[in-house]
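Here the structure comes first, spelled out in structure tokens, and everything after it is commentary.
Spelled out as structure tokens, the structure:
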């Protein structure tokens, strides 16, 4: 612009020069204003950059804190899940235990059933002549199958117990208390007392009886699987005891309650075959007739 002004100076008038000066000043003023605005914009930009950097730093710190907190919570949750899984595994294993023992009994009964089925063919003919005798026993059968299977040995006084061979007065008192508790209908209390008796006196003349009544407490509570297992202890632990026919018979009834007729029949035939003169054998014959 100055060059133009100079080049035109030779022919320009003073008024043109003044106009040109004013225009130059105006342009210079605008340039200065733009320069100031540019400087102001740079300052604002620098400020924004600093605030953004500070915000990013705060955000990163907050993210790190949140990540640490989340990691801690996740570890705690994983620990709780592992604990719960362990407890669930133990609980499932606990629930399987009775079933495993029942399954073992079922397998044992299946093998016994096979042998008894063969022998049963011979016994079939003998059963036909029992019709009259069985009718006379019907009333007795109803009473026995709705209550504990047999009448316990008479209990009268402490001296009566002390006279039983191998039974001390203390053992007699403990057994009597458990037995009377049972007949009062307190099956849980009776079970605890019979178990205490067996713990203290595991091999007396009344020990098989005590074990049998433990099975009865479960049977009368309709916990038939546990009843079967407790009756089995009578058979295994006291093979010479007089409670085996009753234990076998009640096992059969418990299997009937569980809907397992095959096992029940096998046990009833076992009672008849091995203990033909027992009271349970007569009852077992009647039950077999009704199961055909």
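Numbering (my numbering), first residue to last: 5 to 296. Yeah, the Cβ is synthetic: ideal placement off N, Cα and C, and Gly gets one too.
Do residue 233 and residue 256 have their C-beta atoms within less than 8 Å of each other? Your numbering for residue 233 matches position 229 in the chain shown. Your numbering for residue 256 matches position 252 in the chain shown. For residue 233 and residue 256, no; Cβs fall outside 8 Å.
Start and end residues, alpha helix (DSSP H) containing residue 176: For the purposes of this step, residue 176 is taken as residue 172 along the chain shown, with counting starting at 1. Counting along the chain, the alpha helix (DSSP H) containing residue 176 begins and ends at 173-187.
Cα-Cα, which of 27, 261, 220 and 270 is closest to residue 190? Looking up residue 190 in the chain shown gives position 186. If we check each option's Cα against that of residue 190, 220 comes out closest.
Could you pull out every residue in the same chain whose Cβ sits closer than 8 Å to the Cβ of residue 181, ignoring the five residues on either side in sequence? Residue numbering aside, residue 181 sits at position 177 when the chain shown is read from its first letter. Same-chain partners within the cutoff: 197.
Starting from residue 224, follow the alpha helix (DSSP H) in both directions and report where the run begins and ends. Working through the chain shown from its first residue, we reach residue 224 at position 220. Segment 211-224, the alpha helix (DSSP H) holding residue 224.
For residue 234 and chain B, any beta-carbon pair shorter than 8 Å? You won't find chain B in this structure, because it holds only one protein chain.
CB contact flag (residue 228, residue 258, <8 Å): Start at 1 with the first residue of the chain shown, and residue 228 comes out as number 224. Start at 1 with the first residue of the chain shown, and residue 258 comes out as number 254. In this structure, residue 258 lies closer than 8 Å to residue 228 by Cβ.
Can you have a look at residue 106 and say buried or exposed, based on whether 16 or more other CB atoms are within 10 angstroms of its CB? By 1-based counting over the chain shown, the position of residue 106 is 102. With 16 or more Cβ atoms within 10 Å of its Cβ, residue 106 is classed as buried.
If you draw a straight line from the C-alpha of residue 129 to the C-alpha of residue 293, how long is it? Position 125 of the chain shown, counted from the first residue, corresponds to residue 129. Position 289 of the chain shown, counted from the first residue, corresponds to residue 293. Residue confidence is low: residue 129 scores 49 on pLDDT, short of 50, so the model does not pin down where it sits. Its coordinate-derived value is still stated next. Straight-line Cα distance between these residues: approximately 13 Å.
Can you check whether the CB of residue 194 is closer than 8 Å to the CB of residue 202? For the purposes of this step, residue 202 is taken as the residue at position 198 of the chain shown. For the purposes of this step, residue 194 is taken as the residue at position 190 of the chain shown. In this structure, residue 194 does not lie closer than 8 Å to residue 202 by Cβ.
Considering Cα atoms alone, identify which of 278, 291, 244 and 187 is closest to residue 209. Working through the chain shown from its first residue, we reach residue 209 at position 205. With distances taken between Cα atoms, residue 209 lies closest to 244.
Integer Cβ distance of residue 231 from residue 223, believed to fall under 8 Å: Looking up residue 231 in the chain shown gives position 227. Looking up residue 223 in the chain shown gives position 219. Indeed, because the Cβ distance is near 4 Å, the residues count as touching under 8 Å.
Got a sec? Which residues, its chain only, sit under 8 Å from residue 178 by beta carbon, not counting five neighbours each side? In the chain shown, counting from the first residue as 1, residue 178 sits at position 174. Counting only Cβ-Cβ distances below 8 Å, and skipping sequence neighbours, we find 197, 200, 201, 204 and 205.
The alpha helix (DSSP H) enclosing residue 247, as first and last residue numbers: Here residue 247 corresponds to residue number 243 of the chain shown, with the count starting at 1. No alpha helix (DSSP H) holds residue 247; DSSP gives it neither H nor E.
Check residue 282 in the structure and name its three-state DSSP category. Position 278 of the chain shown, counted from the first residue, corresponds to residue 282. Residue 282: coil per DSSP, three-state reduction.
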